[in-house]
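S.K.:
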Amino acid sequence: MWYRSLLSGDEAEAYDGIRDGVLSLEREIRIPRMEYRTAADILAKVKLDDPGIFWVRGHSVSFRAGAEHMNLSPEYIFPVKQIPEMRKQLGTRLDRLLRPAYDLDPVRAVGFVRSFIFNNVKYEKVGKSYSHEIYGILSHGIGVCEGIAKTVKLMLDRLSVGSVVAVGSENDENIRHAWNLIELHGRMRHYDMTYDLSRMNAGLKPVYAGMTDDMIYKDHNRPLYELPECR
Numbered sequence: 001m002w003y004r005s006l007l008s009g010d011e012a013e014a015y016d017g018i019r020d021g022v023l024s025l026e027r028e029i030r031i032p033r034m035e036y037r038t039a040a041d042i043l044a045k046v047k048l049d050d051p052g053i054f055w056v057r058g059h060s061v062s063f064r065a066g067a068e069h070m071n072l073s074p075e076y077i078f079p080v081k082q083i084p085e086m087r088k089q090l091g092t093r094l095d096r097l098l099r100p101a102y103d104l105d106p107v108r109a110v111g112f113v114r115s116f117i118f119n120n121v122k123y124e125k126v127g128k129s130y131s132h133e134i135y136g137i138l139s140h141g142i143g144v145c146e147g148i149a150k151t152v153k154l155m156l157d158r159l160s161v162g163s164v165v166a167v168g169s170e171n172d173e174n175i176r177h178a179w180n181l182i183e184l185h186g187r188m189r190h191y192d193m194t195y196d197l198s199r200m201n202a203g204l205k206p207v208y209a210g211m212t213d214d215m216i217y218k219d220h221n222r223p224l225y226e227l228p229e230c231r
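My numbering applies: residue 1 is where the sequence shown begins, and numbers increase by one.
#1: How do the region 177 to 186 and the region 155 to 163 stand: do at least 3 beta-carbon pairs fall below 8 Å, yes or no?
#2: With a threshold of 7 Å on Cβ separation, who are the neighbours of Arg30 within its own chain once the five nearest residues in sequence on each side are excluded?
#3: Which parts of the region 109 to 167 are runs of the alpha helix (DSSP H), unbroken and 4 residues or longer, counting only runs that do not cross its ends?
#4: Which residue from Val126, Glu124, Gly127, Gly147 puts its Cα closest to that of Tyr135?
#5: Are there three or more Cβ pairs, one per stretch, closer than 8 Å when the region 54 to 61 is compared with the region 72 to 81?
#6: To the nearest angstrom, how far is the alpha carbon of Ile142 from that of Tyr123?
#7: Is Ile216 helix, strand or coil by DSSP?
#8: In angstroms, rounded to a whole number, what distance separates the CA positions of Leu94 and Ala65?
#9: Assuming Ala40 is part of the alpha helix (DSSP H), what are its boundary residues?
#10: Find out if the Cβ-Cβ distance for the pair Asp232, Arg4 is shorter than 9 Å.
#11: Quick one: what does DSSP say Pro84 is sitting in, helix, strand or coil?
#12: Along the beta strand (DSSP E) that carries Glu75, what are the first and last residues, could you check?
#13: Which same chain residues, not among the five before or five after Val126, have their C-beta less than 7 Å away from its C-beta?
#14: Is there a Cβ from chain B that is less than 9 Å from the Cβ of Gly186?
#15: Once DSSP output is grouped into helix, strand and coil, what is the label at Gly52?
#16: In whole angstroms, what separates the C-alpha of Leu224 from that of Ala178?
#17: Identify, in the order they occur along the chain, each residue of the same chain with its Cβ nearer than 7 Å to the Cβ of Met200, setting aside the five sequence neighbours on each side.
#18: How should Ile175 be labelled, buried or exposed, when 16 other C-beta atoms within 10 angstroms of its C-beta is the threshold for buried?
#19: If you drop the 5 nearest sequence neighbours on each side, which residues of the same chain put their C-beta closer than 7 Å to that of Ala101?
#20: Answer yes or no: do Met238 and Tyr191 have a C-beta to C-beta separation smaller than 9 Å?
#21: Taking the straight line between their C-alpha atoms, what separation do you get for Gly203 and Asn120?
#22: Return the residue from the list Arg187, Ala67, Arg19 that minimises the CA-CA distance to Ala40.
#23: Answer with buried or exposed for Thr194, where buried requires no fewer than 16 other C-beta atoms within 10 angstroms of its C-beta.
Here it is, written out as structure tokens:
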């Protein structure tokens with residue numbers, strides 16, 4: 001849980017409360033009072049650390065004047081009654097997909113995940129909230145960079161390979177972009193499977209793998225949140 005490790009005090013308490021609350025499908029979650037933007041960032045970090053949480057889109061907050069706590073109300077993408085069965089179905093599908101990879105060493109496990117993305121996923125903006133989540137990738141084979149990066153992390157988590165979802169933007173445009181940091185041989189490196197998927201669709205070789213900070217930030221802006229160094 002990379003982003004959780006960076007928090008302390010009220011922010012850590014809010015993170016834990018939000019994570020427990022959305023996993024329990026609560027309608028209201030009591031957390032320390034803080035700025036709306038801060039709470040939004042913490043919810044985003046919960047979802048980046050645990051991409052299996054695919055059913056939350058946004059939130060609202062309410063509080064009483066002078067109160068030390070506030071209520072955060074998650075905005076669920078799907079009907080709450082359907083979410084447990086959806087989670088079960090996705091878990092079953094993920095286990096089936098990863099069965100051939102459970103005994104692979106980390107390098108080959110990363111290769112397995114890259115092959116899955118390149119051969120089974122179509123980058124597509126469908127105007128659906130789930131295109132930013134693992135649900136779009138694993139259930140429909142479509143999604144945008146955030147959904148791809150989250151799926152990569154989820155698969156690597158199951159294969160016991162350390163990874164982080166990075167969120168930043170592209171250098172030439174103020175467009176949100178997501179990719180991964182993956183740990184191999186004790187070192188973190190950048191992998192942008194969305195960029196490589198686009199390159200392969202254009203008949204080009206994938207090159208956004210095993211990159212250092214100096215390499216990736218030639219055409220990626222610095223991320224919104226702190227990341228491990230990739231030297």
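Note that CB positions come from ideal geometry on N, CA and C, so glycine has one too. These figures come from a predicted structure and were not determined experimentally.
M.R.: Inspection of the coordinates gives the following:
#1: yes
#2: For Arg30, the CB contacts under 7 Å within the same chain, skipping 5 residues up- and downstream, are Gly17, His69, Asn71 in chain order.
#3: 145 to 158
#4: Gly147
#5: The region 54 to 61 vs the region 72 to 81: in contact.
#6: In a straight line, the C-alpha of Ile142 is about 6 Å away from that of Tyr123.
#7: helix
#8: 46 Å
#9: Element bounds for Ala40: 36 to 49.
#10: What the structure shows of the chain is the stretch from 1 to 231, and residue 232 is not part of that stretch, so it cannot be assessed.
#11: helix
#12: 69 to 76
#13: Ile142
#14: Looking for chain B here will not work: only one protein chain is present.
#15: coil
#16: 10 Å
#17: Phe118, Pro206
#18: Per the 10 Å Cβ criterion, exposed.
#19: Ala109, Phe112, Leu159
#20: Since the first residue shown for the chain is 1 and the last is 231, residue 238 is missing from the structure and cannot be characterised.
#21: 16 Å
#22: Arg19
#23: Around the beta carbon of Thr194, 16 or more other beta carbons sit within 10 angstroms, so the residue counts as buried.
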